[in-house]
Structure formats: structure tokens, C-alpha cells
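Some notes on the structure that comes next.
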Amino acid sequence: MAFFLEALFGGLMAGMLYSLVALGFVLIFKASGVFNFAQGAMVLFAALAMARFSEWIPGWLGLEGRLIGNILAFIMAAALMFVLAWLIERLVLRHLVNQEGVTLLMATLGITYFLDGLGQTIFGSDIYQINVGMPKDPIFLFEGVFEGGVLINLEDVYAACIAALLVLMLSLFFQKTGTGRALRAVADDHQAAQSIGIPLNRIWVIVWFVAGITALVAGIIWGSKMGVQFSLTTVALRALPVIILGGLTSVPGAIIGGLIIGVGEKLSEVYLGPYVGGGIEIWFAYMLALVFLLFRPQGLFGEKIIDRV
Amino acid sequence: MFYRENGQFKTSYRNDQQIFPIAQDRWVILAIVAFAAIGVPLLADEYLFRAILIPFLILSLAAIGVNILVGYCGQISLGSGAFMAVGAYMAYNTYVRIEGMPLIPALLMGGFFATLVGVVFGIPSLRVKGLYLAVATLAAQFFCDWAFLRIGWFTNNTASGSVSVSNLSVMGWVINTPAEKYLFCLAFVVVFALLAKNLVRSAIGREWMAIRDMDVAAAVIGIRPMYAKLSAFAVSSFIIGVAGGLWGFIHLSSWEPAAFSIDRSFQLLFMVIIGGMGSIMGSFFGAAFIVVLPIFLNQFLPWAGSLVGLSVSTAAVSHTEFMIFGALIVWFLIVEPHGLAKLWSIAKQKLRIWPFPH
């Protein structure tokens, strides 16, 4: 039982991070109808920027403290994500307005490749560390209930708290601010939003920026866990089934879908893996998504916007 | 002036419906094929065969397959690498496990199994399309990557996980030197390109295009979406599977699942986008472009760097390659969605009325 709980918690933590990446997908899809394949590349790019800036900035300014360096690096990386969002809107999306979803998907594939190349050209292609001072000690829970307790990484708990905080802030931003209301209006109906004077182009920049920030947070959490490296981009591929499961247009869906996929992957790997030779977490999520596509294409919480054939 | 169809009168339906209605086109294509079959083996050296010509031929075959699905039928696929893998591994299994199995039927069997897998993973296309379908085909990619890595049966239980073939021969003709390999691939590509070209001109090809342009309208005029889509998946994955078999048997001769990873799928999709969606000719352009560009950059960038006094590392070259590919994809999608093939046909159109454009 303790072993089961450990696997469960491990899955939940991994799922939390999938949710963060999936959140970026959902935000952009809701606001602009673009299925942003580049979210994974944005995670890598943001994480690289964060890792390298936190190395460089103390050197440039002659600062000592790690905290101030990290804060400045975060601000710089966020600014970079804003520039990126602006450039993507300006150079790509603006020219592809009203194109089919598939064309836009392929355009984001192009952006993915470009960002992968650009990030590694500017920031280098080694493995970098992000150290934001998250504690790495393991802790034991429920020691009274089970023999030996349940082992949990404190870092994961912090990561989960940060992710929850981000989701909270995002929902506040969407529900309580004017910009958030404009974003929701655009998500509801592009034309209606435009006709009452909401500038679509600016909204797209904002939403790509917000997705960039979630990518940055996801990148920092993953990066401090396993180092910033090229394999971060595969995280995005792991997060694709999450949005199919949760529904492309649903923020709660992205979160719950992420948790389900994270737990499902872990438990299936632990309990089914040994029978089929291991490594099934690579495709487990995709098979789950395939089943959903066949029987419930709108996902758990999504709207039925799929045009049936 | 010299490229003009004036005076070429079609006196029978047969004449009217040939693949290249203009005589000059026919001559040029015949000349190109003849040169590829006779001239190139005499002129090219081993490096050219190994690094450029053989990969180009095989990848253009695969690109034709992808183009049938993506360009003609409008169903996006990110799992082409998986279908190539199925073709390669199943061809390997039929070749190794069945005593005295000839090479060509083994490759075709690989294509047949790729067809089966393609149809199975094409079934979601009956309910969903676009981005959703992309995820379904990604499922094929990841599942096949895993299956060929972990299930021992596919690799004949080799300890290293990589499989290899040797002593390839067709009816006593031993395929050994690069030139022979090249000719073998060329024969496959010519036959399959001809088949594909005729297929997309036929009733079934028009059904695919109708589905691509507007599926509801196509269904209204009596095209069965299920039949059209699944046939596109079947034909496309058959061709991709055969290309995968060639890639494994002829080009690599010893391979691992990583040879058919998701990067291969993206590469094939890029060939189709850059070459031209919905064009057999475009598949060749796209394949040529994507095979040659990295080699060109590898030579050119260090040279350009040395001009301005910079030393360019291999890593930098590969990153630049990523950036150029990404930028080109976006550029083509915005500026010329029909790719290089469209530029080609524009050039031909200009040439037809040259030098008196009015």
C-alpha cells in the first residue's frame, strides 16, 4: 500500500508538470484556434534563457546574492518571452489569419524547429542547472500508518505548490481583470469580439505571452529537477495526450487530464510494465488519448466543437 | 519559343489523357529518367551515391506516400516514420524467417504490413480530423518506436536490438556496389511514382481531393468518406512502408528503431510542405531540397565563417539547419503554400508564352 501511494504521488507530481505544459496549449487554442505545437520548444527556450541569465547576470552586474540574480533572470526571461510572442504574432500569425487549423499547426511546427535552433545557438546546447533554491530533501509521510512511511520528495511538493499558485493567478487574471475578460471574449467568438472593438492582434500577443510565462514556469520546475537540456522538448509531446483527454478548450480539463495521465503512466509502468517489457509510459498516454478520440473526441471537459465528418 | 504545344493536336481520348499532354514534357521526363539510369551511374562517385542520391530516391518515395495522405487527401500525419519502421521491420522478418524469400516480395510484404498498421491508425480519421488526427498518428509513432525496441520477436531476438541484412540479390543479380543499390532504388521509385501519378489522376484520386477540399460536399455528391480516407491511408502507408524497407535494406543495411523516429516523420512532412502539397513532382523537389540542404550547409557555413574569421562548429551548423528549416516552413506556408512545385509550374507557364507574353 505504501508502495502504491508512493507511485501515486510520483504520478501526481509528474502530472502536475504535464498540466502546466498543457495549460499553455489550451490558452493559445482558446484564444486563437491555433494548436501550438511549439509549446515544448517554448519550454526549452524559456528554461535555457532562465538558466543562462541566472548564470550571466550576477557576472554582468557584479552581484552576489542568488535570489536577486534569479529574480532578474526571471524578469529577463519573461521579457524575452514577450518579445517572442510579439514576433510570432507579427511575423507568422498575422499572415495566416483565417487559414485552416492544419496550416497553422504546420506553421507552429516550423516555429518549433526555429526556436530549438535559436535557443541553442544563443544559449548553448549543454546541460544547464537552474537553482532557484528548492529543497531537495526527501520526507516521509504517514509514518504512523505504514511501516516506514511514504517517501516523497520535498521538491515535488514545492513544485506542486508553485503550479497551483500559477493556476490560481491565471484564473484570477482571466476572471477579474479587463484584459482577462477580453481574452475570454475572444475565446468565445472572434468576430463578435472584434466587432465590439477588442484588438485581436494585441490579444494574441498577450495570450502567447501568457503561454510563454507558463512555459517559463514549467521550464524552471522541470529544469531544476533534471537540468535544462534538449530532452525538455519531449515533455511537450507527452503533454499532447493530456489536452485530448481533458478537452482542448478547458483549463480545468488540462489540469485534471494532466493528473490522470501522470498517475496512469506511473501506475501502468509499475504494475503492467514488467509483463510487456517495460517502457510503456512512452505510449500509454497516447493510447489513452486514442481511445478518447474514438469514443469521446471532445475530451472530458471540452466543448463539442469538433466538426464531425 | 521552343516550349509550346502549338500544333500538337489530340486526335484520340488516349492522347488527350496522357500524363504529360505536352510533347516537350514527355521528352524531358524521358531524358531525365534515361540520364538517371544510364548517365548517373557512369558519372557519380561513391560519396555522391551514398550521401545524396540513394537517400534522395528513397525519401522521395516516402514523400510521395506522405503527399498522397497529406497533400491529396488532406489528412495530416505525424506518424510516417512509424509506417517506414513497420515496412522495414516486417520486410526484415519476412526476409529472414521465410527460407529463400526473394528480396522484392519481402519489401512488398513490408509495405503490406505497413498498410495494415496504417489503416488501423487511420480509423480515428473517420471521426476526427486536423489537429486531433495529428495526435492519433503520433500515437502510432510512439507505439511503433516502443514495439520495435522492446518486443524481441520483431528484431529476431538480437541482443543489441539492431538488425542487419546482407547478401541482397534479385534473381541472381547481387546488389553490392553503391551504383547497383542506386539503380535498384531508382527502379522502385520510377515504378511507384508512375503508379502514384496515375492513381491521383484516376477516380480514386479525385475522391481524395474532393474529401480534402470539403468533406461534407464530397459526401453529398456520393463519395464515401470512410472508403476514400481509408484507401488514402492504405495507399500512402503502403508506399511509405516500401520506402522504409528500402531505407533499411538498401541504405542502412543495419538499423535500429531510432532510424525511424519522430524526427523522420517531421522530415517527411517538411518535404511535402516545401516540395508542394498535392504534387508528385513536388515530392521529388522537397526530398532533394531536404537531403541536399544539410550537406550544403555543412560545407558552406564553415567556409563562410572562415571568410569573416569565425570558426563554425558542427553544433552551430546543425542549429542553423534547424533554424533555416523552421523559417522556411513558415515562409512557404505564408508565401507559397503549394511549395516548390508551384514555382515550377509558374516557370513553365511563363516559358510557354515567352518571348511574347501578350
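From first to last, the protein sequence lines stand for chains L and A. For the first sequence, my numbering begins at 1 and goes up steadily by one. For the second sequence, my numbering begins at 310 and goes up steadily by one. The beta-carbon is built from N, C-alpha and C at its ideal position, and this holds for glycine as well.
- Query: Counting only beta-carbon atoms, is residue 230 of chain L nearer than 7 angstroms to chain A?
  - Reply: No, because no Cβ of chain A sits closer than 7 angstroms to the Cβ of residue 230 of chain L.
- Message: With H, G and I counted as helix, E and B as strand and the rest as coil, what does DSSP make of residue 402 of chain A?
- Response: When DSSP states are grouped into helix, strand and coil, residue 402 of chain A belongs to the helix group.
- Interface residues of the region 437-451 of chain A facing chain L [CB-CB below 9 angstroms]: The residues in question are 437, 438, 439, 440, 441, 442, 443, 444, 445, 447, 448, 449, 450 and 451.
- Item | Cα-Cα separation, residue 186 of chain L to residue 255 of chain L | So the alpha carbons of these two residues sit roughly 22 angstroms apart.
- Query: Within 7 angstroms (strictly less), CB to CB, does residue 292 of chain L reach chain A?
  - Reply: Residue 292 of chain L does not count as touching chain A.
- Task: Quick one: give me the first and last residue of the alpha helix (DSSP H) that residue 233 of chain L is part of.
- Result: For residue 233 of chain L, the enclosing alpha helix (DSSP H) stretches over residues 232-246.
- Item | Integer Cβ distance of residue 257 of chain A from residue 384 of chain A, believed to fall under 8 angstroms | Lying before the first or after the last residue shown, residue 257 of chain A is absent from chain A, which here runs from 310 to 667.
- Residues of the region 102-134 of chain L with Cβ closer than 8 angstroms to any Cβ of chain A, in chain order: From the region 102-134 of chain L, only 102, 103, 105, 106, 107, 109, 110, 111, 112, 113, 114, 115, 116, 117, 118, 120, 121 and 125 have a Cβ closer than 8 angstroms to chain A.
- Query: Helix or strand or just coil, what does DSSP make of residue 308 of chain L?
  - Reply: Only weak support is given to the placement of residue 308 of chain L: the predicted model assigns it a pLDDT of 49, under 50, and the question is left unresolved by the model.
- Query: Interface residues of chain A around residue 282 of chain L at Cβ under 8 angstroms?
  - Reply: Those within 8 angstroms of residue 282 of chain L in chain A are 451, 454 and 455.
- Item | Between the CA atoms of residue 396 of chain A and residue 24 of chain L - distance to the nearest angstrom | The alpha-carbon of residue 24 of chain L is positioned some 36 angstroms away from that of residue 396 of chain A.
- Item | Cα-Cα separation, residue 429 of chain A to residue 133 of chain L | Distance between the alpha carbons of residue 429 of chain A and residue 133 of chain L: 49 angstroms.
- Which one of A:348, A:368 and A:463 has the shortest CA to CA distance from residue 559 of chain A? Answer by Cα proximity: A:368.
- Under 7 angstroms between the Cβ atoms of residue 312 of chain A and residue 660 of chain A? Contact check for residue 312 of chain A against residue 660 of chain A passes: the beta carbons are separated by less than 7 angstroms.
- Query: So what's residue 221 of chain L in DSSP terms, helix, strand or just coil?
  - Reply: Helix, per DSSP.
- Message: Taking 7 angstroms as the threshold (beta carbon to beta carbon), is residue 580 of chain A in contact with chain L?
- Response: With its beta carbon at least 7 angstroms from every one in chain L, residue 580 of chain A lies outside the interface.
- Taking Cβ positions only, does residue 529 of chain A come closer than 7 angstroms to chain L? Any Cβ of chain L closer than 7 angstroms to the Cβ of residue 529 of chain A would place that residue at the interface, and such an atom is absent.
- In whole angstroms, what separates the C-alpha of residue 521 of chain A from that of residue 382 of chain A? Approximately 5 angstroms between the Cα atoms of the pair.
- Message: Here's a check: name, in chain order, each residue in its chain whose Cβ is nearer than 6 angstroms to the Cβ of residue 19 of chain L, leaving out the five neighbours to either side.
- Response: So the list reads 254, 255 and 258, once near-sequence residues are dropped.
- Assumed close pair residue 392 of chain A, residue 566 of chain A - CB separation to whole angstroms, cut-off 8 angstroms: Between residue 392 of chain A and residue 566 of chain A a beta carbon distance of about 13 angstroms is seen, past the 8 angstroms cut, so the two are scored as non-contacting.
- Message: To the nearest angstrom, how far is the alpha carbon of residue 355 of chain A from that of residue 343 of chain A?
- Response: The alpha-carbon atoms of residue 355 of chain A and residue 343 of chain A are separated by roughly 20 angstroms.
- State the beta-bridge partners of residue 483 of chain A as determined by DSSP. For residue 483 of chain A, the beta-bridge partners assigned by DSSP are A:478.
- Return the first residue and the last residue of the alpha helix (DSSP H) that residue 179 of chain L is part of. Here the alpha helix (DSSP H) through residue 179 of chain L covers 178-188.
- Can you list the alpha helix (DSSP H) stretches of 4 or more residues lying completely in the region 16-96 of chain L, in chain order? Unbroken alpha helix (DSSP H) stretches of 4 residues or longer found wholly inside the region 16-96 of chain L: 39-61 and 66-91, given in chain order.
- Item | Integer Cβ distance of residue 412 of chain A from residue 337 of chain A, believed to fall under 8 angstroms | No, residue 412 of chain A and residue 337 of chain A are not in contact; Cβ-Cβ is about 32 angstroms, not under 8 angstroms.
- Item | Listed by chain order, chain L residues near residue 634 of chain A by CB distance under 7 angstroms | Below the 7 angstroms Cβ cutoff, chain L contributes 113 as neighbours of residue 634 of chain A, in chain order.
- Write down the C-beta distance between residue 41 of chain L and residue 77 of chain L rounded to the nearest angstrom, noting that I regard them as a contact closer than 8 angstroms. At roughly 15 angstroms, the Cβ-Cβ gap does not stay under 8 angstroms, so residue 41 of chain L and residue 77 of chain L are not in contact.
- Task: Please list, in chain order, all residues of the same chain as residue 554 of chain A whose beta carbon is under 6 angstroms from its beta carbon, the five residues on each side excluded.
- Result: Closer than 6 angstroms at Cβ, skipping near neighbours: 396, 397, 400, 416 and 419.
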